[in-house]
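Residue numbers (my numbering): 35 to 257.
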Amino acid sequence: MAPLRRSARLLLLCPLVVATACLPYTTGSTGQTVPIGERHSFGTAGLVINGGGQFDDSASTSSDIANIPMSDSEVRFGLSERSDLGIRITSASGLVMNYKRRHAGYAHPDSAGFSTMWGGGIVNWGGHALVEATAIVSGRRNSAGIPYGGLRAFHTMPISRGAVTDKPTVGGFLGMKFILGDVSISPELGVFYDESVLALRRGNIVVVPAVALSGFSFFRIFR
Numbered sequence: 035m036a037p038l039r040r041s042a043r044l045l046l047l048c049p050l051v052v053a054t055a056c057l058p059y060t061t062g063s064t065g066q067t068v069p070i071g072e073r074h075s076f077g078t079a080g081l082v083i084n085g086g087g088q089f090d091d092s093a094s095t096s097s098d099i100a101n102i103p104m105s106d107s108e109v110r111f112g113l114s115e116r117s118d119l120g121i122r123i124t125s126a127s128g129l130v131m132n133y134k135r136r137h138a139g140y141a142h143p144d145s146a147g148f149s150t151m152w153g154g155g156i157v158n159w160g161g162h163a164l165v166e167a168t169a170i171v172s173g174r175r176n177s178a179g180i181p182y183g184g185l186r187a188f189h190t191m192p193i194s195r196g197a198v199t200d201k202p203t204v205g206g207f208l209g210m211k212f213i214l215g216d217v218s219i220s221p222e223l224g225v226f227y228d229e230s231v232l233a234l235r236r237g238n239i240v241v242v243p244a245v246a247l248s249g250f251s252f253f254r255i256f257r
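Structure (structure tokens):
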């Protein structure tokens, strides 16, 4: 009976746990903006470590779904010399838009830059509205790539019946963008304070290793 009880609890928790991975933890972007009139698209894949799902009962302790995979797709459009617009699909369950403004740095891909992003959208299969704010700083491009990092905060608010009221999530991230022709790879590591109101995990620190890929195709890889 214990395995049956455990399976039943996992099924009940699954939609709530997966919602953690539907949130846009990653950035995948430097302090530069997309040049005016251009469009850049990329995909991000990662893992939400300590995302949720740990619980104890009289028979066993489960951590099978403590680490949750996530994947986002994003496209950014250059609006002006200092701004662009991003549209992100979060783990196939939400849509987020944000506006990015570069406050320092030149309009050149090799220049250092400092930008802020503000946005919002719908996540968790329409269960929550989301607002977000991000500050990004990046260095000049060198032989190793483009280092970047920053601070990020977002908050979800229930908009459907039965959706829980969450608390703000805040944290920081560091990454490095490697550019090989028209292909770029951006490994990124984020650490966030994300208190679980549903007590689905132990502790309130979430670690998110991820990588953003742009310009990849199977033909290019095998060639």
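Ideal Cβ positions, reconstructed from N, Cα and C, are used throughout, including at glycine.
The structure presented is a predicted model; accordingly, all values stated were derived computationally and were not measured.
| Check | Outcome |
| --- | --- |
| With 16 other Cβ atoms within 10 Å as the buried cut-off, status of residue 108 | buried |
| Cutoff 6 Å; reference residue 137; Cβ partners in own chain excluding five residues on either side | 148 |
| Extent of the continuous beta strand (DSSP E) to which residue 144 belongs | Looking at the DSSP string, residue 144 is not in any beta strand (DSSP E), and its letter there is neither H nor E. |
| Beta strand (DSSP E) segments (min. 3 residues) lying fully within the region 115–196 | 117–124, 129–138, 147–157, 162–172 and 180–192 |
| Neighbour-count burial assignment, residue 195, 16 or more Cβ in a 10 Å radius | exposed |
| Reduced DSSP secondary structure (H/G/I, E/B, other) of residue 203 | strand |
| Proximity of residue 162 and residue 124 at Cβ, strictly below 8 Å | no |
| The region 152–167 touching the region 62–76, judged by at least three CB pairs closer than 8 Å | no |
| Classification of residue 230 by the beta-carbon crowding that lies within 10 angstroms, buried from 16 upward | buried |
| Helix, strand or coil at residue 244 [DSSP, three-state] | strand |
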